[in-house]
Every structure is written in structure tokens, then in C-alpha cells.
Amino acid sequence: SEENEPSQETAAVSNTDQKKEVKKKTAKKSEEQIKTVDRNQKISNYLKEIGFSGTAMIVRNGEIVTNKGFGYADRKHYIQNNPLTSFYVGSSQKALIATAILQLEEKGKLQTSDPVSTYLPHFPNGQT
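Following the working numbering, the numbering of the sequence shown begins with 473 at its first residue and continues without gaps.
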């Protein structure tokens with residue numbers, strides 16, 4: 473798959489000192505990519521082993537490292553899950569929303585002690 477292939481990088485440099493530096497950076501990045509591919513394979517193997525059915529996304533430093541479907545969205549018709557598969561989330565959305573709110577608080581973008589009306593002025597009874 474594409475996620476296991478090393479990325480192609482191109483650099484234009486004007487002297488040998490810069491070329492050496494570019495090679496060092498490229499080698500370091502290649503080592504990181506190999507570690508990521510190895511880690512992704514371990515995660516994929518584990519999710520397959522436990523029979524996970526769904527989509528797994530891993531984001532590191534704002535970059536998507538893995539975004540992959542596992543199992544079947546429709547077992548009867550053998551339709552596999554993929555990164556674009558829609559799921560009924562039910563109550564699990566509460567945990568996602570709580571996590572997002574706490575991350576915003578951590579970044580100083582909101583305070584959980586503030587009334588809802590601070591952020592949604594027209595929210596009914598938002599002062600409490």
C-alpha cells in the first residue's frame with residue numbers, strides 16, 4: 473500500500489556542505505518513516521488479531537500517520553470498512569466532544585468554568 477512506500481524527496485543545493493546536511497536530514501527522516509511503518513504494521517496486526525471492525529486514525533503532531541479501515545461495514549455483502557465509512561456513533565460522541573473541549577481548554581481557547589453563553593450567546597438558559 474502507499475503508506476508503506478518511502479516518500480520521494482528532492483533537494484537542490486549549491487555546495488557540498490549543504491548536500492551533506494540534506495543527506496543527514498533525509499537519512500533521519502527515512503529512519504523515522506521506517507519506525508512509523510513498523511509501528512503501523514504492529515497496530516494493524518493487533519487490530520486484525522483482536523477482530524476489530526471499524527476505522528483507526530493516528531495523528532502525530534497534526535499529521536495523519538495512519539488512517540485505515542478494518543473488518544466489514546456490511547458482513548452480509550462483504551463490504552469492507554475504509555477511512556470514509558460512516559458509523560453510527562451513538563453515545564460515544566460524548567467522549568469525543570469532552571476530549572475536544574478539554575483540549576481547547578488546555579490550549580487556552582476556552583474555560584470549562586465559563587457559562588455556555590460566553591461562547592454561544594443565544595443558547596437558552598446559557599447563564600448557568
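Just so you know, even glycine gets a beta-carbon here, dropped at the ideal spot from N, CA and C.
Status (buried if at least 16 other CB within 10 Å, exposed otherwise) for residue i
i    : result
N553 : buried
Nearest to residue i (by Cα), restricted to the options the options
i    : options                : result
G543 : T527, L556, E535       : T527
G541 : V561, K520, G534       : K520
V537 : N512, T571, F559, G580 : N512
Straight-line gap, residue i to residue j (C-alpha atoms, nearest Å)
i    : j    : result
L568 : Q599 : 24 Å
D510 : L556 : 24 Å
H442 : L576 : Beyond the ends of the chain as shown, which are 473 and 600, falls residue 442; an answer cannot be given.
F524 : I573 : 27 Å
S516 : P587 : 42 Å
V531 : N539 : 9 Å
S585 : Y591 : 12 Å
A545 : I551 : 6 Å
Q583 : F559 : 31 Å
Which of helix, strand or coil DSSP assigns to residue i
i    : result
V537 : strand
Y550 : coil
I530 : strand
Y518 : helix
E493 : Per-residue confidence for E493 stands at a pLDDT of 46, beneath the threshold of 50, marking its modelled position as unreliable; the derived number appears in the next sentence. In the structure shown, E493 sits in a helix (DSSP, three-state: H, G or I).
Q583 : coil
A570 : helix
Paired residues, beta bridge with residue i - DSSP
i    : result
Y544 : Q552
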